[in-house]
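*Asks:*
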Amino acid sequence: MATQENLPIIVSKIGIIGAGVSGIAVAKQLSHYNPIVFEATDSIGGVWRHCSYKCTKLQSQTWNYEFSDFPWPARESSDYPSYVEILEYLHTYAVHFDLFKYVKFNSNVVEIKFIQDNEGFDSGRLPGDHGNPLPGHPVWELSVQTNELDTIQRYHFEFVVVCTGKYGDIPLMPTFPHNKGPEVFNGKVLHTIDYCKLDKEATSDLVKGKKTVVVGYKKSAIDLAMECAQANQGPEGQSCTMIIRSLHWTLPHYSMWGVPFYLFYATRSAQFLHQTPNQGLLKSILCFLLSPLRRGISKFIESYLLWKLPFEKYGLKPEHPFEEDFASCQIAITQESFFNEADKGKIIFKKASKWWFWNGGIEFDDNTKIDADVVLLATGYDGKKKLKTILPEPFSSLLDPSGIMPLYRGTVHPSIPNMAFVGYVESVSNLYTSEIRSMWLSGLLDNKFKLPSAEKMLSKTIKDMEIMKNSTRFYKRNCITTFGINHNDEICEDLGWNTWRKKNLFQEAFTPYFAADYKKED
Numbered sequence: 001m002a003t004q005e006n007l008p009i010i011v012s013k014i015g016i017i018g019a020g021v022s023g024i025a026v027a028k029q030l031s032h033y034n035p036i037v038f039e040a041t042d043s044i045g046g047v048w049r050h051c052s053y054k055c056t057k058l059q060s061q062t063w064n065y066e067f068s069d070f071p072w073p074a075r076e077s078s079d080y081p082s083y084v085e086i087l088e089y090l091h092t093y094a095v096h097f098d099l100f101k102y103v104k105f106n107s108n109v110v111e112i113k114f115i116q117d118n119e120g121f122d123s124g125r126l127p128g129d130h131g132n133p134l135p136g137h138p139v140w141e142l143s144v145q146t147n148e149l150d151t152i153q154r155y156h157f158e159f160v161v162v163c164t165g166k167y168g169d170i171p172l173m174p175t176f177p178h179n180k181g182p183e184v185f186n187g188k189v190l191h192t193i194d195y196c197k198l199d200k201e202a203t204s205d206l207v208k209g210k211k212t213v214v215v216g217y218k219k220s221a222i223d224l225a226m227e228c229a230q231a232n233q234g235p236e237g238q239s240c241t242m243i244i245r246s247l248h249w250t251l252p253h254y255s256m257w258g259v260p261f262y263l264f265y266a267t268r269s270a271q272f273l274h275q276t277p278n279q280g281l282l283k284s285i286l287c288f289l290l291s292p293l294r295r296g297i298s299k300f301i302e303s304y305l306l307w308k309l310p311f312e313k314y315g316l317k318p319e320h321p322f323e324e325d326f327a328s329c330q331i332a333i334t335q336e337s338f339f340n341e342a343d344k345g346k347i348i349f350k351k352a353s354k355w356w357f358w359n360g361g362i363e364f365d366d367n368t369k370i371d372a373d374v375v376l377l378a379t380g381y382d383g384k385k386k387l388k389t390i391l392p393e394p395f396s397s398l399l400d401p402s403g404i405m406p407l408y409r410g411t412v413h414p415s416i417p418n419m420a421f422v423g424y425v426e427s428v429s430n431l432y433t434s435e436i437r438s439m440w441l442s443g444l445l446d447n448k449f450k451l452p453s454a455e456k457m458l459s460k461t462i463k464d465m466e467i468m469k470n471s472t473r474f475y476k477r478n479c480i481t482t483f484g485i486n487h488n489d490e491i492c493e494d495l496g497w498n499t500w501r502k503k504n505l506f507q508e509a510f511t512p513y514f515a516a517d518y519k520k521e522d
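Numbers 1 to 522, taken from full-length UniProt numbering, label the letters of the sequence shown in order.
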C-alpha cells in the first residue's frame, strides 16, 4: 500500500491529468505555462494505445483527424489509418513540439482535493463569478503515485485540466439474474478492456477454433467479430455470434450514391437544417420549413445503405432514422469484408434484448440457447463512474444523472472553479474538437476574455443538452455533430477570431470544416 511521507509539496500553475489525444493537445496549447502532465501508463495515446485491437482503424479520413498546425505525412491513401499509424502521428506531434518534457509517465492521480480559500465553497449554490482562473494561489491538491515508488507525492495547482476521457479504465458490465452470471459459465469471459491487454498471439489463441460470442454492435464489437472471423478461416474454423440488443446504422464509407457524406452534415449550409442552442426565431422557422429536406437526406442515406449493405438479409435494419444515430455519435464504419464473413457463416447475428449465462454458453429470453467457449463483452465503459472516481465531493454529485458532464463551451463546468475538462465532447472528429477547446482554454487562462456568470453558463449548457436530447432518442453523451460549426463559431467569437474561416462564400457554404480551418491566430 502506498504511503504518504513528508515529501515537500510541489507547487505549479497548471496540472493536466491524462496524456491521450486531449492531454497532449492541452499541453501544447498551454506550453507557455510549463504544465505538469500526469499519465498513469508508460506512453501517450490514451485509448489508441490501450484499447485498440490489431484491426482497429480510424473511423474517418486523415484530413478530418489531424492537428491544425501539424498535417499528416504523405500516405498512399487518406482513408482510415490503423491505430499504429495514429500512434506514430501522435508521437511525432509530441516530439515536434517538445511535449514529452511536460509528461510524468507511470504517475497515477489517486486523489484530488479542493483547497478552500478563506471564504470556503458552498456546493449548494452557483458561484457568482469564477474570477481569475489563475488566482496566484493553489486551488487544487493532487496526490500522485508513481509505479517506481510506493509513496504519494502531493502537488498544488492553481488550475487543473482533466483529460482522462470517458473510455477505458472502468468497464460497463451487464447485470444478470441470480445464478445466471459469468460464474456459472464453464468458458472464458472477457471485457474488451481485458482483451486489449493481450498480444496478437494471445488474442488469436483465445478465439481460434473456439465458439465465440461477442456482445454488442458498435465499433468495438464489429472489430472483435472481424478478428474472430479472421482467426477461424478454413473448414475447421468456428463461427462468431454477435448478440445485438439495439440496431444502429453503419457506414461502408463516406460517399452516398456518389455524393460526399460531408455535404449532408459537415458544411455551414447543412447546419441550417438542424437546431442550434442559440438560434433565434428566424432560424427556428427556417429549421421547421426545412425539416422535410432534413428527413429526406436521412432517407436518401438510408436508401443507399440498404442497397449497399445486407441489413435486411440479416435482420439488421434499424427502425429509427439514420440522422438519430448521427446526432448521437453512434455511427461506425464497417470493414469492407465484414458482411463477406457473414456470408461465409463466420459471423452470425442474434438480436436479443435479454440474455444470460448457462454452463455451456448463452441463453435468451425466447428460450433458445447457443453453445460458447468464449464470451467477449463489447459493452462499453462506465464514463459516469470514471468521472466520479476523479472528482471529489461535493463536485462529483454535480454530474447529470445520465453521467453527462454539463460543460460550458464543452470545457468548463459552471459550478467547479479553476478546473477544465477536455475530451468530453464528441463530434465527427474528436481530435480537432479537443484541440479547438484547448485553444479556447489557453485564451481563458491568458485573460483574452472573461467567463460569464455561472448562472449564464449553466443556462447555456442546459440549452446545449436540450438540443442533443431533442435530436436523438440515444442521448447519452455530449455529441455536437449536428451543430459543431455553430459550437466552434462561439469559441471563435470568445477568442476574437472571425467565425467564417473559408476564403470565399461558396467554400463557406458548401465545403467541410476541418482542423486546418481553425489554425490558431496570434
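Cβ coordinates follow ideal geometry from the N, Cα and C atoms, glycine included.
Using beta-carbon positions only, say whether residue 584 and Y89 come within less than 9 Å of one another.
*Replies:* Examination of residue 584 is not possible in this model, given that the chain is present from 1 through 522 alone.
*Asks:* Which same chain residues end up closer than 6 Å to H91 when comparing Cβ atoms and leaving out the 5 residues on each side of it in sequence?
*Replies:* Position 91 of the sequence shown holds residue 91. Once the five neighbours on either side are set aside, H91 has no close Cβ partner at all.
*Asks:* Do you know how far the Cα of Y65 is from the Cα of E508?
*Replies:* Taking the first residue of the sequence shown as 1, we reach residue 508 at position 508. Taking the first residue of the sequence shown as 1, we reach residue 65 at position 65. Approximately 20 Å between the Cα atoms of the pair.
*Asks:* Pick out whichever of F157, V189, S453, I152 has its Cα sitting closest to the Cα of G360.
*Replies:* Sequence index remark: in the sequence shown, residue 360 carries index 360 (1-based). Here the closest residue by C-alpha is V189.
*Asks:* Please classify M173: does DSSP put it in a helix, a strand, or coil?
*Replies:* The count along the sequence shown starts at 1 and reaches residue 173 at position 173. Three-state result, M173: coil.
*Asks:* Please say whether A372 and V213 have beta carbons closer to each other than 9 Å?
*Replies:* Your numbering for residue 213 matches position 213 in the sequence shown. Your numbering for residue 372 matches position 372 in the sequence shown. The answer is yes: Cβ separation under 9 Å.
*Asks:* So G296 and C163 are supposed to be a Cβ contact under 8 Å. How far apart are they, rounded?
*Replies:* As a position in the sequence shown, residue 296 is number 296, starting the count at 1. As a position in the sequence shown, residue 163 is number 163, starting the count at 1. Wrong, their Cβ atoms sit about 40 Å apart, outside the cutoff.
*Asks:* Quick one: residues in its chain with C-beta nearer than 7 Å to the C-beta of A231, no 5 flanking neighbours on either side, listed in chain order?
*Replies:* Looking up residue 231 in the sequence shown gives position 231. Closer than 7 Å at the Cβ level, and outside the excluded window around A231, lie S204, V207, K208.
*Asks:* Where does the unbroken beta strand (DSSP E) through W356 begin, and where does it stop?
*Replies:* Along the sequence shown, one-based indexing puts residue 356 at 356. Segment 355-358, the beta strand (DSSP E) holding W356.
*Asks:* For a test of the three-state rule: what should DSSP assign to G296, helix, strand or coil?
*Replies:* For the purposes of this step, residue 296 is identified with residue 296 of the sequence shown, where counting begins at 1. In this structure, G296 counts as helix in the three-state DSSP scheme.
*Asks:* CB-CB under 6 Å to S123, same chain, minus the five flanking residues each way: which ones, in chain order?
*Replies:* The residue you call residue 123 lines up with position 123 of the sequence shown. Unreliable positioning characterises S123 in this predicted model, as indicated by a pLDDT of 48, which lies under 50. The coordinate reading is nonetheless provided below. The residues are P394.
*Asks:* One question on the structure: do F483 and Q275 come within less than 9 Å of each other, judged by their Cβ atoms?
*Replies:* Within the sequence shown, the letter at position 483 stands for residue 483. Within the sequence shown, the letter at position 275 stands for residue 275. Taking 9 Å as the Cβ cut-off, F483 and Q275 qualify as a contacting pair.
*Asks:* Are the segment 372-392 and the segment 331-350 in contact at 8 Å, needing three or more beta carbon pairs?
*Replies:* Contact fails: fewer than three Cβ-Cβ distances are below 8 Å.
*Asks:* If we count the other Cβ atoms within 10 Å of its Cβ and call it buried at 16 or more, is A74 buried or exposed?
*Replies:* If you number the sequence shown from 1, residue 74 lands on position 74. It is exposed - the Cβ of A74 has fewer than 16 other Cβ atoms within 10 Å.
*Asks:* Mark L30 as exposed unless 16 or more other C-beta atoms lie within 10 angstroms of its C-beta, in which case mark it buried.
*Replies:* Residue 30 sits at position 30 when you count from the first residue of the sequence shown. Flag for L30 reads buried.
*Asks:* Check the DSSP bridge columns for K463 and list the partner residues they point to.
*Replies:* The residue labelled residue 463 in the question sits at position 463 within the sequence shown. Looking at the DSSP assignment, K463 forms no beta bridge with any residue, so it has no partner.
*Asks:* Just curious, the alpha helix (DSSP H) that Y155 is in, first and last residue?
*Replies:* Position 155 of the sequence shown holds residue 155. Here Y155 belongs to no alpha helix (DSSP H); instead the beta strand (DSSP E) covers 152-162.
*Asks:* Taking C-beta to C-beta, are Y424 and K166 nearer than 9 Å?
*Replies:* Here the question's residue 424 lines up with position 424 in the sequence shown. Here the question's residue 166 lines up with position 166 in the sequence shown. Cβ atoms of Y424 and K166: closer than 9 Å.
*Asks:* At the level of alpha carbons, what is the spacing between L224 and Y217?
*Replies:* Counting from 1 along the sequence shown, the entry for residue 224 is found at position 224. Counting from 1 along the sequence shown, the entry for residue 217 is found at position 217. Rounded to whole angstroms, L224 to Y217 spans 10 Å at the Cα level.
*Asks:* According to the neighbour-count rule (16 or more other Cβ atoms, all chains shown, within 10 Å of its Cβ), is Q271 buried or exposed?
*Replies:* To locate residue 271, count along the sequence shown from 1; it is residue 271. It counts as buried.
*Asks:* D494 by DSSP, collapsed to three states: which one?
*Replies:* For the purposes of this step, residue 494 is taken as the residue at position 494 of the sequence shown. Three-state DSSP puts D494 in a helix.
*Asks:* Could you please give the first and the last residue of the uninterrupted beta strand (DSSP E) stretch that includes D371?
*Replies:* Residue mapping note: residue 371 aligns to position 371 of the sequence shown, counting from 1. That run of the beta strand (DSSP E) goes 369-371.
*Asks:* Taking 8 Å as the limit between beta carbons, can you name the residues of its chain near N118, skipping five residues before and five after?
*Replies:* One-based indexing of the sequence shown puts residue 118 at position 118. Residue placement at N118 cannot be trusted, given a pLDDT of 46 that sits under 50; the coordinates are not used to answer.
*Asks:* What is the residue span of the alpha helix (DSSP H) that N108 lies within?
*Replies:* Locating residue 108 in the sequence shown gives position 108, where the first residue counts as 1. Unbroken run through N108 is the beta strand (DSSP E), 107-114; no alpha helix (DSSP H).
*Asks:* Take T250 and list the residues in its own chain whose beta-carbon comes closer than 6 Å to its own, dropping the five residues that flank it on each side.
*Replies:* As a first step, residue 250 is located in the sequence shown; it is residue number 250 there, counting from the start. Here the set comprises A332, T334.
*Asks:* How many whole angstroms separate the CB atoms of V37 and V103, which I take to be in contact at a CB cut-off of 8 Å?
*Replies:* Position 37 of the sequence shown, counted from the first residue, corresponds to residue 37. Position 103 of the sequence shown, counted from the first residue, corresponds to residue 103. Going by Cβ atoms, the distance from V37 to V103 rounds to 4 Å, so yes, they are a contact pair.
*Asks:* Which residue's Cα is closest to the Cα of N418: D489, I10, H137?
*Replies:* One-based indexing of the sequence shown puts residue 418 at position 418. Per the Cα distances, H137.
*Asks:* Please list the terminal residues of the continuous alpha helix (DSSP H) segment that includes H137.
*Replies:* For the purposes of this step, residue 137 is taken as residue 137 along the sequence shown, with counting starting at 1. H137 -> no alpha helix (DSSP H), and no H or E assigned at all.
*Asks:* Would you mind reading off the limits of the beta strand (DSSP E) that contains G131?
*Replies:* Working through the sequence shown from its first residue, we reach residue 131 at position 131. No beta strand (DSSP E) contains G131, which DSSP labels as neither H nor E.
*Asks:* Going along the chain, which residues of its own chain have a beta-carbon closer than 6 Å to the beta-carbon of I9, five neighbours each way excluded?
*Replies:* As a position in the sequence shown, residue 9 is number 9, starting the count at 1. So the qualifying residues of the chain are R154, H156.
*Asks:* Under a three-way DSSP split, which group does P260 fall into?
*Replies:* Taking the sequence shown and counting its residues from 1, one reaches residue 260 at position 260. Looking at P260 - three-state DSSP - the assignment turns out to be strand.
*Asks:* Is it the case that the Cβ atoms of C329 and T481 are separated by a distance below 9 Å?
*Replies:* Residue numbering aside, residue 329 sits at position 329 when the sequence shown is read from its first letter. Residue numbering aside, residue 481 sits at position 481 when the sequence shown is read from its first letter. Against a cut-off of 9 Å, the Cβ pair of T481 and C329 comes out as a contact.
*Asks:* Would you call the segment 484-492 and the segment 298-305 touching, i.e. three or more CB-CB distances under 8 Å?
*Replies:* no
*Asks:* Out of H32, D69, V26, which has the shortest C-alpha to C-alpha gap to E521?
*Replies:* In the sequence shown, the residue the question calls residue 521 occupies position 521. When each option's Cα is compared against that of E521, the closest is D69.
*Asks:* Using the three-state DSSP reduction, which class does L377 fall into: helix, strand or coil?
*Replies:* Working through the sequence shown from its first residue, we reach residue 377 at position 377. L377 falls in the strand class under three-state DSSP.
*Asks:* Nearest to K197 by alpha carbon, out of K351, D169, P81, G383?
*Replies:* In the sequence shown, residue 197 corresponds to position 197, counting from 1. Ranking K351, D169, P81, G383 by Cα distance to K197 puts D169 first.
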